[in-house]
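Asks:
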Amino acid sequence: PTSVATMATRSERSTTRVELALLALLQAPRGCASTASVPLCVPPPRVLVFGLGFTGCAIARELEEKHGCKVVGTRRRGGDGAGAWRGAAVEFAGEGSLSAEACDALARATHVISTIPPTAAGADPV
């Protein structure tokens, strides 16, 4: 069995890795600025998170709540899947099959993050 202290240590390491992995994404300028006579508006990143398990939910919350990103996550067909995530979620069946909602979310995304583990055969389900 995993102790609470071990779980906390793993969680802290995961958070640190998540923060480092997202640093480049969050460095992108947002808001409006003016260059010469042309206003330049950069909308917040639109992120699609494949897999709303523990890690996917943590990433989605961080991006949306602390960094103002627009986030949509995927959940399994027929499952609640969204765990602690209360934001937008679309269905993803895996095996290269996307629902119309997931296709739309993918088309609108500026960034894609996959937290879905490989299949039993070692293939990437995304």
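Residue numbering for the sequence shown follows the numbering used here, starting at 880 and increasing by one per position.
Think of the CB as a built atom: it goes at the ideal place given N, C-alpha and C, for glycine as much as any other residue.
Measure from the alpha carbon of Asp1003 to the alpha carbon of each residue in Ala968, Ala972, Leu942, Cys948, then state which is nearest.
Replies: If we check each option's Cα against that of Asp1003, Ala972 comes out closest.
Asks: Assuming Arg872 is part of the beta strand (DSSP E), what are its boundary residues?
Replies: Here the chain has residues from 880 to 1005 only, and residue 872 is not among them.
Asks: Taking the alpha carbon of Glu970 as the point to measure from, which residue in Ile992, Gly930, Pro922, Cys936 has its own alpha carbon closest?
Replies: Checking every option, the nearest Cα to that of Glu970 belongs to Gly930.
Asks: Taking Cβ positions, are Gly935 and Gly947 nearer each other than 8 angstroms?
Replies: It is not a contact, given that the beta carbons lie outside the stated cut-off.
Asks: By Cβ distance, which residues of its chain are closer than 7 angstroms to Ile995, with the 5 residues on each side in sequence left out?
Replies: Answer for Ile995: Phe929, Gly930, Pro1004, Val1005, listed in chain order.
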